[in-house]
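Take a look at the structure below.
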Amino acid sequence: MMVLRESIIMKIHYGTAIGALFLTVVHILMRLTQDFHESLQYENVIANYENIGYAVLLELLLILISVHGFNGLRVILLEMNQGPTYEKAVTIGCLIGMAALIAYGSRTIIMTSMGMV
Amino acid sequence: MATIHPKLSEELSQTVVSSTKSVKLKIKRSNPNVNSEQKFDDFVVPIEKWTTVLDALLDVKSHLDHSVGVRYSCRQASCGSCGMKINGKPALACFTKISELNSDSITVEPMDNYPVVRDLAVNMDRMISNHKKVMPYVIREDSEIDAESGIREFLQSPENVDKYIQFSSCIKCGLCNSACPTMAMDKTFVGPQALAQAYRYIADSRDKGKNKRLKVIDESHGIWRCHFAGSCSQVCPKGVDPAMGIQLLRGYLLGIRD
Ligand code: HEM
Ligand code: SF4
Ligand code: FES
Numbered sequence: 003m004m005v006l007r008e009s010i011i012m013k014i015h016y017g018t019a020i021g022a023l024f025l026t027v028v029h030i031l032m033r034l035t036q037d038f039h040e041s042l043q044y045e046n047v048i049a050n051y052e053n054i055g056y057a058v059l060l061e062l063l064l065i066l067i068s069v070h071g072f073n074g075l076r077v078i079l080l081e082m083n084q085g086p087t088y089e090k091a092v093t094i095g096c097l098i099g100m101a102a103l104i105a106y107g108s109r110t111i112i113m114t115s116m117g118m119v
Numbered sequence: 198m199a200t201i202h203p204k205l206s207e208e209l210s211q212t213v214v215s216s217t218k219s220v221k222l223k224i225k226r227s228n229p230n231v232n233s234e235q236k237f238d239d240f241v242v243p244i245e246k247w248t249t250v251l252d253a254l255l256d257v258k259s260h261l262d263h264s265v266g267v268r269y270s271c272r273q274a275s276c277g278s279c280g281m282k283i284n285g286k287p288a289l290a291c292f293t294k295i296s297e298l299n300s301d302s303i304t305v306e307p308m309d310n311y312p313v314v315r316d317l318a319v320n321m322d323r324m325i326s327n328h329k330k331v332m333p334y335v336i337r338e339d340s341e342i343d344a345e346s347g348i349r350e351f352l353q354s355p356e357n358v359d360k361y362i363q364f365s366s367c368i369k370c371g372l373c374n375s376a377c378p379t380m381a382m383d384k385t386f387v388g389p390q391a392l393a394q395a396y397r398y399i400a401d402s403r404d405k406g407k408n409k410r411l412k413v414i415d416e417s418h419g420i421w422r423c424h425f426a427g428s429c430s431q432v433c434p435k436g437v438d439p440a441m442g443i444q445l446l447r448g449y450l451l452g453i454r455d
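This is the structure:
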């Protein structure tokens, strides 16, 4: 099933990979602003989410890794088995998984950053 | 005075009179048309320094077992017929000298990633049809035969030739496809042989078929399913580097070459 040309999908795959690598570095550097055990304390976690810049970073990381990860999974599954029905199911399944993960993660990020927990 | 070689009488009964060495040749036998049985048959064959694996197989066929199934033709690494797995590695039987294998026991099996026809002969339909799919010929509107001026030539500079010449050495032996891990998993993958040939024609300054060919390989079981294992280039007997061709082709699709 061809949703986009494969070269466009793979450009997205490499782009999201590089973007995610960069944001993961920023994400880890932010952890260095406090001791490791402190960064996992409930109040600090909530405070992180309430910092709007950090919430945007987390949201971007969520989107990049969901897109990259589910496309990566699609590639792996396409190589493990072939056939029109199977391939259609893989493509649709990965798109649904991607959308569901982004929706659920966004819900957490938005609710927490707006002080709803 | 010439001395009589002590083993002369013995040697006369062998196929190669001057041979003093022999190896055990283990040949994988199967005939999927009849049953699913697979076994190895062992033969002891005399060898010389120059004996190739194909020579040894033909020796077996001539003197020990006529029924061994093997495909060959040119015996000089030109026709691409005699690809097989020799001591575990894909190679041309006619281009592999037994003396260079440094082993007293040689195992020959059919190439991986192809259906076996019988014994060492495999069905190469998949490679041939993928090769055809990438349109392995110069595509352009005009021709070297011109109605008005007669015959003319499409000239190329040596630099233009350098861009593709190594890829034109491909003899379609299919060893690269048999070494490729993606070929083993994905039965619809286009494969390194066809991808290298897509590059060979796209990089040819006389060719105008770039977009047509890129379209063929830019699909879900096309070029992107290569993960650069590089085993294709390791086994090619003609010095073609399909793995590099694939990376150069990707350059066109990623917009970093034109
Ligand atoms: C969620 C799980 C993930 C899966 C299933 C996955 C899958 C894949 C696959 C299959 C490829 C190879 C693409 C190809 O060559 O056709 C790839 C490449 C890549 N991934 Fe991921 N990935 C995941 C997470 C990540 C993460 C978290 C990062 C970095 C933060 C990342 C960075 C990269 C990079 C840099 C490449 C390019 C290297 C290459 O093409 O081989 N990946 N990924
Ligand atoms: S690229 Fe090399 S290994 Fe592959 S078919 Fe051509 S000659 Fe054989
Ligand atoms: S017999 Fe022709 S390549 Fe070996």
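So the protein sequences, as listed, match chains A and B.
Heads up: the first sequence begins at 3 in the working numbering, then just goes up one per residue.
Heads up: the second sequence begins at 198 in the working numbering, then just goes up one per residue.
Virtual Cβ for every residue (Gly too), placed ideally from N, Cα, C.
Query	Result
Cutoff 7 angstroms: L80(A) Cβ touching any chain B Cβ	yes
Below-7 angstroms beta-carbon distance, S456(B) vs any chain A residue	Within the shown structure, residues of chain B are numbered from 198 to 455, placing residue 456(B) beyond reach of any answer.
Residues bridged to S456(B) (per DSSP)	Nothing about residue 456(B) can be reported from this structure: the residues present for chain B run from 198 to 455 only.
For G117(A) and E52(A), believed in contact at Cβ under 8 angstroms, the rounded distance	7 angstroms
Beta-carbon neighbours of M382(B), restricted to chain A and to distances below 7 angstroms	E81, M82
Contained beta strand (DSSP E) runs [length at least 3] in the stretch 37-87 of chain A, N- to C-terminal order	none
T249(B) - DSSP class collapsed to helix/strand/coil	strand
With 16 other Cβ atoms within 10 Å as the buried cut-off, status of V250(B)	buried
Residues of its chain near G74(A), where Cβ-Cβ distance is below 8 angstroms and the 5 sequence neighbours each way are ignored	H15
Neighbour flag for S417(B) against chain A, beta carbons, 7 angstroms	yes
Exposure of Q390(B), with buried meaning 16 or more beta-carbon neighbours within 10 Å	buried
DSSP bridge partner residues for V313(B) (one or two, in chain order)	V319(B)
Cβ of L446(B) within 7 angstroms of any chain A Cβ	no
Status (buried if at least 16 other CB within 10 Å, exposed otherwise) for H263(B)	exposed
Where F237(B) sits in the DSSP three-state scheme	strand
In DSSP terms, what G347(B) is bridged to	D343(B)
Beta-carbon spacing of D383(B), H424(B) below 7 angstroms	no
For V432(B) and K286(B), the rounded distance between their alpha carbons	8 angstroms
Residue nearest to I283(B) in terms of C-alpha spacing, selected from T293(B), C276(B), I336(B), R315(B)	T293(B)
Own chain partners of S275(B) with C-beta closer than 8 angstroms, once the 5 adjacent residues on each side are dropped	I368
C-beta contact flag for R521(B) and I399(B) at 7 angstroms	Since the first and last residues shown for chain B are 198 and 455, residue 521(B) lies out of range.
At least 3 beta-carbon pairs within less than 8 angstroms: the stretch 76-94 of chain A vs the stretch 27-37 of chain A	no
Cβ of S41(A) within 7 angstroms of any chain B Cβ	no
Short Cβ contact (7 angstroms threshold) for N310(B) with N374(B)	yes
Distance CB(D343(B))-CB(R226(B)) smaller than 7 angstroms	no
Same chain, Cβ closer than 6 angstroms to D239(B), five either side skipped, listed in chain order	K221, K223
Residue list, Cβ distance to ligand 3 heavy atoms smaller than 7 angstroms	L251(B), Y269(B), S270(B), C271(B), R272(B), Q273(B), A274(B), S275(B), C276(B), G277(B), S278(B), C279(B), L289(B), A290(B), C291(B), F292(B), I368(B), C370(B)
Beta-carbon proximity list for H303(B), same chain, < 8 angstroms, skipping 5 on both sides	Checking the sequence shown, residue 303(B) turns out to be Ile, not His. Counting only Cβ-Cβ distances below 8 angstroms, and skipping sequence neighbours, we find V220, K221, L222, K223, V250, A253, I283, N284, I295.
Pick from R447(B), P243(B), V265(B), S430(B) that is closest to Y396(B), judged by C-alpha positions	R447(B)
Separation of K13(A) from E45(A), as counted between CA atoms	39 angstroms
Members of the stretch 10-21 of chain A near chain B, C-beta cut-off 7 angstroms	M12, K13
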